[in-house]
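Position one of the sequence shown corresponds to residue 1 (the UniProt record's numbering), numbered consecutively onward. Worksheet: one structure, shown below.
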Amino acid sequence: MFDYKLLSALAAVVEQAGFERAAQVLGLSQSAISQRIKLLEARVGQPVLVRGTPPSPTEIGRRLLNHVQQVRLLERDLQSLVPALDEEGLPERLRIALNADSLATWWAEAVGDFCAEQHLLLDLVVEDQTVGLKRMRAGEVAACVCASERPVAGARSVLLGAMRYRALASPAFIERHFPDGVRAEQLPRTPALVFGPDDFLQHRYLASLGVDGGFEHHLCPSSEGFIRLTEAGLGWGLVPELQVREQLERGTLRELLADKPIDVPLYWHHWRNGGQLLGLLTDQLVRSSPKWLVPLGQR
1 MFDYKLLSAL
11 AAVVEQAGFE
21 RAAQVLGLSQ
31 SAISQRIKLL
41 EARVGQPVLV
51 RGTPPSPTEI
61 GRRLLNHVQQ
71 VRLLERDLQS
81 LVPALDEEGL
91 PERLRIALNA
101 DSLATWWAEA
111 VGDFCAEQHL
121 LLDLVVEDQT
131 VGLKRMRAGE
141 VAACVCASER
151 PVAGARSVLL
161 GAMRYRALAS
171 PAFIERHFPD
181 GVRAEQLPRT
191 PALVFGPDDF
201 LQHRYLASLG
211 VDGGFEHHLC
221 PSSEGFIRLT
231 EAGLGWGLVP
241 ELQVREQLER
251 GTLRELLADK
261 PIDVPLYWHH
271 WRNGGQLLGL
281 LTDQLVRSSP
291 KWLVPLGQR
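Below is the structure:
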């Protein structure tokens, strides 16, 4: 039989990225958290954490985290039937991995009313849409939005739609680098903006134009900063259409190659045994996402 106080300590250390903050969240001393982790490791007979900065779960640690995430959600269903079980009366907290561009555009409007109605707090982990699924595999989150269709074991995925990106730059940048018009073969030698080392969207875009290999680029791990740098003329970038409609209307940003967007599919992944709350949130996202996302493959 699991001791869920020990599992809660493990979850808190991973979710809070350290023993000190985990202790604050659970209202315990840092020494008490450390003792609980040691006791858990003694009971399972192997380490559950790699003591790094931040601490990360081992393979067995990830399996235990997967378990405790699902138990929390199932407990919520029982509490709705037997309110006396909810001694503290605290709101549910749901940990979700989400790509920065979704967070900067459609996510808040899609879930705002739902969170208020369900008394739900979100703990959002920002990851590129190509790698967000690793957080579920590690047992760190209960759900994620990512570009991968295939779910991890024990989870489901549902297509929400596609986020449309356009290759944009400021008029001054275009005039400086492409005085005779933009040609695809020029792009690798022209400064680009890339969100981070896991962002391969520009590679895909250039490959779709028949251009392979590396290219000059700045790194900017901020959706808002990405737009600001593009408007300031530091480089060209692939930007969510949702995020720059005003700039396109004003002409402060222009598309490099007319009507050559690239679409990124977004899938919602959640644990199969995630309880009623995850099911309700899934229904909400499926209903609302067509307001902002385009059908995959639509032109």
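Glycine included, every Cβ here is placed at the ideal spot set by N, Cα and C.
query                                                                                                                             : result
Beta-carbon contacts of residue 102 that lie in its chain and below 8 Å, excluding the five residues immediately before and after : 129, 145, 163 and 266
Inter-stretch contact (C-beta, 8 Å, three-pair minimum) for the stretch 222-239 and the stretch 271-287                           : no
Minimum length 4: unbroken alpha helix (DSSP H) runs contained in the stretch 28-72                                               : 30-44
Under 8 Å between C-beta atoms of residue 187 and residue 142                                                                     : no
Coil, strand or helix - residue 290 by DSSP                                                                                       : helix
8 Å Cβ cutoff met for residue 218 and residue 193                                                                                 : yes
Meets three-Cβ-pair contact criterion under 8 Å: the stretch 38-58 and the stretch 114-124                                        : no
Unbroken beta strand (DSSP E) run spanning residue 168, endpoints                                                                 : 155-169
Boundaries (first-last residue) of the beta strand (DSSP E) holding residue 144                                                   : 143-146
The stretch 60-71 contacting the stretch 266-284, beta-carbon criterion three pairs below 8 Å                                     : yes
Residue 105, buried or exposed, once every other Cβ within 10 Å from all chains shown has been counted against 16                 : buried
Under the three-state DSSP convention, the category residue 271 falls into                                                        : strand
Extent of the continuous beta strand (DSSP E) to which residue 92 belongs                                                         : 92-98
Identity of the residue in 208, 232 and 166 nearest residue 172 by Cα                                                             : 232
Test: residue 56 CB closer than 8 Å to a CB of chain C                                                                            : Protein chains in the displayed structure number just one, and chain C is not present.
Residue 180, DSSP secondary structure in three states                                                                             : coil
When 40, 245 and 161 are compared against residue 264, the one with the closest alpha-carbon                                      : 161
Rounded straight-line distance, which links the Cα of residue 56 to that of residue 50                                            : 5 Å
Coil, strand or helix - residue 7 by DSSP                                                                                         : helix
Residue range of the alpha helix (DSSP H) that includes residue 26                                                                : 19-26
Straight-line gap, residue 276 to residue 213 (C-alpha atoms, nearest Å)                                                          : 47 Å
Residue 170, buried or exposed, once every other Cβ within 10 Å from all chains shown has been counted against 16                 : buried
Own chain residues within Cβ distance below 8 Å of residue 176, not counting five before or after                                 : 233
Continuous beta strand (DSSP E) stretch holding residue 203: start and end                                                        : No beta strand (DSSP E) holds residue 203; the alpha helix (DSSP H) holding it covers 201-208.
Beta-ladder partner(s) of residue 315, from DSSP                                                                                  : The displayed coordinates of the chain run from 1 to 299. Any statement about residue 315 would go beyond what the structure contains.
Option nearest residue 26 by Cα separation, candidates 118, 110, 41 and 4                                                         : 4
Residue nearest to residue 235 in terms of C-alpha spacing, selected from 195, 131, 190 and 262                                   : 190
Neighbourhood of residue 167 by C-beta, 7 Å cutoff - its chain only, sequence neighbours within 5 removed                         : 205, 236, 238, 255, 256, 257 and 260
Sequence-distant residues of the same chain with beta carbon closer than 7 Å to residue 196, five excluded per side               : 128, 219 and 221
Straight-line gap, residue 156 to residue 182 (C-alpha atoms, nearest Å)                                                          : 43 Å
Selection from 61, 115 and 28 that minimises the alpha carbon distance to residue 41                                              : 61
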